[in-house]
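Chemist:
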Amino acid sequence: MHINLRHDVSEYNEAELLHFQKCLQCQDDFKSLELLNSAGSTIPLMEPDELNWHAIKQRTNHFEKRTLYQKTKSKFSQKVMAIAASTFFIAATWLFFNNYQLQAQLERQYLLAKQAQQNQIFSAKQVDFAQKLEQVLQRTQILERQLKTNDLQSFQQAELLIKVNELEQQLHMSNSAEEQLRVLNVRQEAINDILQLQKGTMYEYSI
Amino acid sequence: MNIVYKKVGQVILLTSTMVCTGIVEANSSTCGTVSFAPTEFDNNNYIATIVGNNGVSVRDNKHSRAIAKGEHKFNLAEGTHTLLVEQWRSGHYRRAFRKTGRQMKSSEKLAAIQTKTMQIDVEAGHHYELEFSTNDQTANIAVKSDTLSKCNSKKMFAAKANANSNVSLPESLEYRLRRLMLKLNQHHKTTTQNSEFGNLVPVKLNNYFGLVFDKNHSTQNESLRVLTVLPNSFAHKLGFISGDVITEFGQSPIKPSVGAPSNILNNYLNQLYFQGDISMKISRDGQTMLLKNKYIPVVIPEVSYNIDNTLSVASNKKGDNKLKTYNPVVNSTSIPSTLGFEFDQLILEIDDYYRQNNVNKNVTINRKNIWDGRYGIQGDMINSSKGVGFQILSINKTSPASIIGLAKDDIILAVNHQKLTELKIGNLTSKLEKLQPKVNYTLTILRNNKVVEVADVYERTLLPGFNLNLDFESVSIVQGALVDRRLVDINKPDNEIERWIKNDIIRAIGYDPLGT
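Protein chains in written order, with the numbering used here: chain A, 16 to 222; chain B, 2 to 517.
1. Would you say B:VAL331 reaches chain A, if we count a Cβ-Cβ gap shorter than 8 Å as a contact?
2. Starting from the C-beta of B:SER395, find all residues in its chain whose C-beta is less than 7 Å away, skip the five residues before and the five after it, and write them out in chain order.
3. Is B:GLN379 close to chain A, meaning its C-beta is less than 8 Å from at least one C-beta of that chain?
4. By the three-class DSSP mapping on this structure, what secondary structure does A:ILE222 have?
5. Find the residues of chain B that neighbour A:GLN171, judging by a C-beta separation of less than 7 Å, and give them in chain order.
6. Closer than 9 Å by beta-carbon distance: list the chain B residues that pair up with A:TYR220, in chain order.
7. From B:MET382, B:VAL227, B:THR430, B:ALA402, pick the residue whose C-alpha is nearest to that of B:ILE283; which is it?
8. Run the CB neighbour count on B:PRO438, radius 10 Å, all protein chains shown included, and call it buried at 16 or more, exposed below.
9. Given a cut-off of 8 Å, decide if B:TYR274 and B:ASP485 are closer than it, judged by their beta-carbon atoms.
10. List, in chain order, every chain A residue whose beta-carbon is nearer than 7 Å to that of B:ARG375.
11. Closest Cβ-Cβ distance between B:ILE279 and chain A: below 8 Å?
12. Touch check for the segment 423–431 of chain B and the segment 142–160 of chain B: three-plus C-beta pairs under 8 Å?
13. What would DSSP say about B:THR135, mapped onto helix, strand or coil?
14. With distances taken Cα to Cα, identify the nearest neighbour of B:ILE383 among B:LEU414, B:ILE247, B:LYS184.
15. What residues in the segment 351–368 of chain B have a beta carbon less than 9 Å from any beta carbon of chain A?
16. So, does the CB of B:LEU266 fall closer than 8 Å to a CB anywhere in chain E?
17. Between A:LYS214 and chain B, is there a C-beta pair that is closer than 8 Å?
18. What does DSSP give as the partner residues of B:PRO254 in its beta bridges?
19. What are the uninterrupted segments assigned as alpha helix (DSSP H) that are 4 or more residues long and contained completely in the segment 137–209 of chain A, given in chain order?
20. Please confirm whether B:LEU225 has its beta-carbon closer than 8 Å to some beta-carbon of chain A.
21. Answer yes or no: does any C-beta atom of chain B fall closer than 8 Å to that of A:ILE209?
22. In the DSSP assignment, find the beta strand (DSSP E) that holds B:ASN45 and state where it starts and stops.
23. For B:GLY80 and B:PHE342, what's the separation of their Cα atoms in angstroms?
24. Pull up the CB-CB distance for B:ASN470 and B:ALA164, whole angstroms please, since I reckon it's below 8 Å.
25. Just to confirm, is the Cβ distance from B:ASN1 to B:MET119 under 8 Å?
26. Would you mind stating whether B:ILE242 and A:ARG160 have Cβ atoms separated by less than 8 Å?
27. So which residues of chain A does B:VAL213 contact, with C-beta pairs closer than 8 Å?
28. Given A:LEU199, which residues of its chain have a CB within under 6 Å of its CB, disregarding the five upstream and five downstream residues?
29. Excluding the 5 residues preceding and the 5 following A:TYR27 in the sequence, name in chain order all residues of the same chain whose CB lies nearer than 8 Å to its CB.
30. Could you tell me whether the Cβ of B:LEU421 comes closer than 8 Å to any Cβ of chain A?
31. Could you compute how far the alpha carbon of A:ARG123 sits from the alpha carbon of A:ALA99?
Shown next, in the form of structure tokens:
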């Protein structure tokens, strides 16, 4: 590995100097470098024409103006574009939001109207159911007040009691108001039959 | 302190009752023996032991080693026994009875035990080796071998009192019992494929109160509205009618709570002492009323029955050295709920009838097969627009009338074209009695003002013969065990004494009042 060559030999350190003294290639290279240096200092200086200078200067001025104009024009359009985009965005967002609100309001109004309608129907149904329930309970009460506990039942009484028990199990399991009402009405008829049997007015013969 | 004395007293009373009535002294000629063959299911060995005899706890801890090996012979007095039998995994049994014999505190051990109720008719000098068919609740107990063997012990389990068989029933109960047995026969035939069937229905508490509540009456259940009251139920006898609103239980307002209204009632009933007071404040027609009475839930007696007379004990001579040709064991099989209500109602009515007629002994009702003589219609003789007829107001199910297709309000005008001419019922019944089984017949009827004819083969219904035994003693035993106690005490024992009481009651009667 060779050392870096320098103009002045005094700039080398001791190790480099030792290497330089031993290395023939380094010494040859140093001589070539000195020759090149001395040849360069002997080349004469050349002055360009004034026209060339003028052309260069004119060209430089035009380029500077053009760049400045372009820069000014670009900044302005960007601002305009930004303002326009922002305005458009704001307008679009506002429109979208407004539309959404309007739609939500309309939907809410529709739902409220529907709910009110349903509530009206539901409450009307509830009232109707409550009234019908009251009526069937009152009718059954009248029958049950006359019903006696019966330790010894006839075959038909027992069959009716089994039917009543089955109806009551259905009622116990039922969750629908309509079903409850239906079962209660059927049960009322069965209770009436039991009562008529107890009174002996249901029929004359069993064969 | 009084409570402690009371509870100790209950235990003494209960245990002394067991000792006094469970084991009797007798000579060897009047007893037979029973043992259980060890069985193996899924590589586990199982043994069985008798813990209840005719409603009395007879747990035998002294012979636990022999029982664990399946070698112990239980001495049973000659006669009928209802046995409560536990089936254990033999390893569990050995561990449970290794020390003091009373170490069934772990719920796991209790769950591992299968408890079955069975009835056996023991003949003196016989040894019955019994075995379980499976190791689960569907198990049946059958006789593996029946051999002649002397019964040498003087201590034995007492048999049931001899049943009184010379008792009749009124016509209405008789016919209902016949029809019920027909239904049971049909049910058992479909489930067991056997034409002969025996069943044991253990004694039980009828704690159905008889009310159905309105679930939509109140969200917090501050008050409970009654929708229906079952006729003849406890609620009916207490004075409830449909539409009543319960506001207080036992002078305390109902605590608001969510959930089924029936649970609130059950919670109150479970707190009541048997034969103690029950009171409820109700609102009816805007007025407040107090319904009050004694709380005495009905106990339905133990019933065993054999349909088709397959277990006719009378056909076997006593003392005969030959082996029995009939099955002396009757297992307990559940009855579907649709039939269960009818069964319970009828048994309670028969029970009431016998008690009112001072028949307090056990009763056996023996009946042979008969044809159902009823045509299956109810109604009146009337003068219709087309002449004299019988107007139908109701029809029995599975009767000749229902088979031929008669309907309510039909008017029968003629049988086999022979018109009814008089308003007397005999005019119709005499014609119906002439009908021949398996032969076509025609009825002329007035239906919706039109005269039509219906025809079919006359099919009479065969009402099967049966032996039915009602054990009135079982009722007294359960009533005695439950007196002055509450369901909540029995179901949730809070100390060792209550646990003993609970276990003894349940094991003795083979029934947990709350189904736990």
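Virtual Cβ for every residue (Gly too), placed ideally from N, Cα, C.
Modeler: In short, the structure shows the following:
1. Taking the first residue of the second sequence as position 1, residue 331 of chain B is located at position 330. Chain A, which has no Cβ nearer than 8 Å to the Cβ of B:VAL331, makes this no.
2. Residue numbering aside, residue 395 of chain B sits at position 394 when the second sequence is read from its first letter. For B:SER395, same chain residues with a beta-carbon under 7 Å away, outside a window of 5 residues either side, are GLN379, LYS409 in chain order.
3. As a working mapping, residue 379 of chain B is identified with position 378 in the second sequence. Yes - at least one Cβ of chain A is within 8 Å of the one on B:GLN379.
4. For the purposes of this step, residue 222 of chain A is taken as residue 207 along the first sequence, with counting starting at 1. In the structure shown, the three-state DSSP call for A:ILE222 is coil.
5. Residue mapping note: residue 171 of chain A aligns to position 156 of the first sequence, counting from 1. The contacting residues are GLN379, SER395.
6. As a working note, residue 220 of chain A is residue 205 in the first sequence. Those within 9 Å of A:TYR220 in chain B are ILE378, GLN379, GLY380, ASP381, MET382, PHE391, ILE426, LEU429, THR430.
7. In the second sequence, the residue the question calls residue 283 of chain B occupies position 282. Closest by alpha carbon: B:VAL227.
8. To locate residue 438 of chain B, count along the second sequence from 1; it is residue 437. It counts as exposed.
9. Within the second sequence, the letter at position 484 stands for residue 485 of chain B. Within the second sequence, the letter at position 273 stands for residue 274 of chain B. Annotated as proximal: B:ASP485 and B:TYR274, with beta-carbon spacing under 8 Å.
10. Along the second sequence, read from residue 1 onward, the residue named residue 375 of chain B stands at position 374. Simply ILE222.
11. Translated into positions along the second sequence, residue 279 of chain B becomes position 278. So, not an interface residue.
12. Verdict: no, contact absent.
13. Here residue 135 of chain B refers to the residue found at position 134 of the second sequence. Looking at B:THR135 - three-state DSSP - the assignment turns out to be coil, as it is neither helix nor strand.
14. Translated into the one-based positions of the second sequence, residue 383 of chain B becomes position 382. Measuring from the Cα of B:ILE383, the nearest candidate turns out to be B:LEU414.
15. So the list reads ASP353, TYR354, GLN357, given in the order they occur along the chain.
16. No chain E appears in this structure, whose protein chains are A and B.
17. Position 199 of the first sequence holds residue 214 of chain A. Using a Cβ-Cβ cut-off of 8 Å, A:LYS214 does not count as an interface residue toward chain B, since no Cβ of chain B sits closer than that to its own.
18. Taking the second sequence and counting its residues from 1, the one referred to as residue 254 of chain B is at position 253. B:GLU249.
19. List check, alpha helix (DSSP H) in window: 170–188.
20. Mapped onto the second sequence, residue 225 of chain B falls at position 224. By this cut-off, B:LEU225 is not an interface position.
21. Counting from 1 along the first sequence, the entry for residue 209 of chain A is found at position 194. The beta-carbon of A:ILE209 is placed less than 8 Å from the nearest beta-carbon of chain B.
22. By one-based count along the second sequence, residue 45 of chain B stands at place 44. Boundaries of the beta strand (DSSP E) around B:ASN45: 45–54.
23. In the second sequence, the residue the question calls residue 80 of chain B occupies position 79. In the second sequence, the residue the question calls residue 342 of chain B occupies position 341. Taking the straight line from one Cα to the other gives about 30 Å.
24. The count along the second sequence starts at 1 and reaches residue 470 of chain B at position 469. The count along the second sequence starts at 1 and reaches residue 164 of chain B at position 163. So it is a contact: roughly 6 Å between Cβ atoms.
25. Residue 1 of chain B is absent from the model: chain B starts at 2 and stops at 517.
26. The residue you call residue 242 of chain B lines up with position 241 of the second sequence. The residue you call residue 160 of chain A lines up with position 145 of the first sequence. Taking C-beta atoms as the reference points, B:ILE242 and A:ARG160 count as a pair closer than 8 Å.
27. Looking up residue 213 of chain B in the second sequence gives position 212. The contacting residues are GLU183, LEU186, HIS187.
28. Reading the first sequence from its first residue, position 184 is the one you call residue 199 of chain A. The answer, listed in chain order, is VAL151.
29. What you label residue 27 of chain A is simply residue 12 of the first sequence in a count that begins at 1. ILE18, ARG21, PHE35.
30. In the second sequence, counting from the first residue as 1, residue 421 of chain B sits at position 420. Residue contact with chain A for B:LEU421: absent (no Cβ-Cβ distance below 8 Å to any residue of chain A).
31. By one-based count along the first sequence, residue 123 of chain A stands at place 108. By one-based count along the first sequence, residue 99 of chain A stands at place 84. Cα to Cα, A:ARG123 sits roughly 35 Å from A:ALA99.
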